[in-house]
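What follows is a set of notes on a single structure, which appears directly below.
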Amino acid sequence: GRARAAGRARGPAACRAAKADLGRKAELVNGAVTSGPSLASTVNGLEFPNPFVIGSGPPGTNYTVMKRAFDEGWGGVITKTVSLDSSKVINVTPRYAKLKDGSGAVMGWENIELISDRPFETMLAEMKQLKEEYPDRILIASIMEEYNKDAWEEIIGRCEEVGIDAFEVNFSCPHGMPERKMGMAMGQDCELLEEVSGWINGSATVPVWSKMTPNITDITYPARTCLNQGSEGIAAINTIQSVMGVNLKTLKPEPCVEGYTTPGGYSSKAVKPIALAKVMQIAQLIRSEFPDRSLSGIGGGGTGSDAAE
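Count the sequence shown with my numbering and you get residues 49 to 357, in order.
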């Protein structure tokens with residue numbers, strides 16, 4: 049756009065113009081900019097008014113917050129991860145902890161929150177309502193299941209019935225019930241991943257993005273596995289496995305639940321350099337082996353400039 053054109057010009061005036069342009073707030077109508085270059089993007093046949101998408105998590109917990117995201121102009125929304133049986137999901141409190149820099153600003157964030165604990169039927173009804181009210185906006189269902197072909201086929205079929213536009217498959221939550229082979233436990237096992245990805249892509253009739261864990265030596269191995277099995281895109285990264293710290297006054301870990309903790313997912317601005325490295329590796333893989341596939345970059349993004357990186 050204009051910033052790139054200005055950057056090719058010579059002299060300090062061009063640099064000042066570029067910085068001023070980057071700092072300007074865009075006006076949006078239904079997610080589309082009202083002036084200047086269009087930000088509309090087509091990815092795997094999905095038409096986004098802009099390429100900025102709310103990631104799976106608390107902003108996709110329910111109808112109210114997802115509606116707000118559409119009203120505020122986000123190009124798309126990914127729901128909080130759902131599964132067929134929400135009764136197995138037991139969230140605890142407190143489940144968050146933060147790391148601050150020397151000035152007191154938050155630079156790192158850990159959570160031990162599980163996937164959605166709301167009934168699947170409730171989430172389905174709210175997805176259906178959103179698509180009825182915002183038929184031209186992109187709604188992506190984040191899904192996670194156990195090692196069970198019937199369960200994967202059922203959750204895919206029922207989500208498609210209410211009109212979702214695509215799936216993001218959560219193979220990557222670092223605290224996503226590993227005892228059930230869910231989340232990261234599945235995404236780190238390429239043999240298991242190959243079989244399950246085959247089930248998913250054999251059942252889905254809308255685009256599938258497979259979400260990768262950074263908690264692995266070489267992230268291109270699971271990414272290649274999913275792409276070979278037909279996934280239209282890769283999303284990366286999910287959170288980084290972490291324990292935030294120990295309170296030296298109480299000698300209790302953080303976050304602390306009845307004196308105990310468990311490794312959770314680390315996010316916020318501190319993870320951006322790690323996310324960029326993982327995204328770069330997957331981008332190189334896609335460019336060389338799967339040039340018709342897509343990549344959704346996640347991790348440490350708090351501004352438009354972060355997203356542009």
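Heads up, the beta-carbon is just placed ideally off N, CA and C, and yes, glycines get one too. Computed from a prediction, not measured in an experiment: that's the story for all the values here.
{"query": "Completely contained alpha helix (DSSP H) runs for the region 92-169, where each covers 4 or more residues", "result": "111-119"}
{"query": "N- and C-terminal bounds of the beta strand (DSSP E) containing isoleucine 288", "result": "288-290"}
{"query": "Boundaries of the alpha helix (DSSP H) in which glycine 84 is found, first to last residue", "result": "From DSSP, glycine 84 is part of no alpha helix (DSSP H); its letter is neither H nor E."}
{"query": "From Gln329, Phe338 and Ile322, residue whose alpha carbon lies closest to that of glycine 347", "result": "Ile322"}
{"query": "CB of isoleucine 138 within 8 Å of CB of serine 104, strictly", "result": "no"}
{"query": "Nearest-angstrom beta carbon gap, proline 222 and glycine 312 [assumed within contact, 8 Å]", "result": "7 Å"}
{"query": "Among Leu299, Glu193, Ala318 and Lys229, nearest to isoleucine 248 - alpha-carbon criterion", "result": "Glu193"}
{"query": "Residue range of the unbroken beta strand (DSSP E) whose run includes isoleucine 189", "result": "Residue identity differs from the one stated: residue 189 is alanine in this sequence, not isoleucine. That run of the beta strand (DSSP E) goes 186-191."}
{"query": "Continuous beta strand (DSSP E) stretch holding alanine 284: start and end", "result": "281-284"}
{"query": "Contact under 8 Å by Cβ, alanine 189 with isoleucine 163", "result": "no"}
{"query": "Proline 97 classed as buried or exposed, judged by whether at least 16 other C-beta atoms fall within 10 angstroms", "result": "buried"}
{"query": "Rounded distance between the beta-carbons of tyrosine 195 and leucine 241, thought under 8 Å", "result": "Going by Cβ atoms, the distance from leucine 241 to tyrosine 195 rounds to 11 Å, so no, they are not a contact pair."}
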